[in-house]
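Okay, structure first, notes after.
Residue numbers (this note's numbering): 587 to 829.
Now the structure itself:
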């Protein structure tokens with residue numbers, strides 16, 4: 587019982603910080619479940635389920651705050667959602683993918699934190715074909731590993747100058763929500779070891795996600811949000827390397 591309390595506290599902390607930057611927290615949930623010895627068959631299902639609820643809450647917060655741009659995210663979704671469905675049905679050893687993704691995230695952290703005077707000027711015309719390709723790759727990776735993909739999409743949008751930090755958070759939240767739902771649909775045909783305690787976990791992360799997303803969308807400045815995003819990316823990369 588004591589360990590379960592620690593686990594729930596961990597889930598809430600993950601949901602709070604990830605939701606503050608428009609993410610669902612799947613990377614953190616995966617790490618926690620690995621640490622607490624969850625059954626491997628249930629880990630992806632649990633992570634995607636909690637991810638879907640938290641990212642949905644984050645999307646509502648950022649949408650209401652006026653940072654969502656449908657035109658920006660639409661081409662990514664066209665290719666990523668079906669790719670996430672297919673990726674969830676692929677049973678392969680994701681070790682190589684995790685290493686490559688971890689390196690990518692560390693590069694993003696370095697750019698966000700240590701490149702001074704980086705002026706982000708959102709582009710009005712995002713190359714449609716490029717967005718389709720990126721969405722396809724991120725969706726496939728998301729389905730295979732069991733994440734929503736926003737942890738990868740956000741730094742791409744920000745560093746390439748396609749969106750401000752808060753705009754990236756807003757569109758990433760919807761990206762995560764739909765990819766997580768697609769990934770869950772892909773897992774539906776497989777054996778799922780459903781745990782009744784998942785209901786309590788969902789309630790915990792939803793509460794923490796609500797507070798985190800409200801703070802991120804309404805209180806934090808662009809600079810502070812970039813700092814929080816960098817910490818989240820760093821935590822996700824460490825998870826990929828060591829869990």
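Don't be surprised by glycine CBs; every beta carbon is placed ideally from N, CA and C.
Spatial distance of residue 735 from residue 806 (CA atoms): 23 Å
Outcome for residue 772 when other beta-carbon atoms lying within 10 angstroms are tallied against a minimum of 16: buried
Straight-line gap, residue 824 to residue 729 (C-alpha atoms, nearest Å): 20 Å
Pick from 637, 640, 719 and 688 that is closest to residue 666, judged by C-alpha positions: 719
Near the ligand GDP: residue 768 beta-carbon under 8 Å from a heavy atom: This structure lacks the ligand GDP; in fact it carries no ligand of any kind.
Expected contact under 8 Å - CB spacing of residue 632 and residue 733 to nearest Å: Not a contact, Cβ separation roughly 12 Å.
Whole-number beta carbon distance between residue 604 and residue 611, since they are thought to touch under 8 Å: 4 Å
Member of 655, 717 and 673 whose CA lies at the smallest distance from the CA of residue 832: The chain is shown from 587 up to 829; residue 832 falls before or after that span and cannot be answered.
Host alpha helix (DSSP H) of residue 723 (start-end): 714-731
For residue 804, the three-state DSSP class (helix, strand or coil): helix
Coarse secondary structure for residue 782, derived from DSSP in three states: coil
Nearest-angstrom Cα separation, counted from residue 776 out to residue 895: Absent from the model: residue 895. The displayed extent of the chain is 587 to 829, so no value can be given.
Assigned exposure category for residue 590 - 16 Cβ within 10 Å defines buried: exposed
Cβ neighbour criterion (16 or more within 10 Å) applied to residue 643: buried
Inter-residue Cα distance where the pair is residue 821 and residue 614: 8 Å
Own chain, CB closer than 6 Å to residue 639, minus 5 neighbours either side, in chain order: 788 and 792
Which of helix, strand or coil DSSP assigns to residue 655: coil
Within 9 Å, strictly: CB atoms of residue 607 and residue 802: yes
Among 826, 592 and 765, the one whose alpha carbon lies nearest that of residue 674: 765
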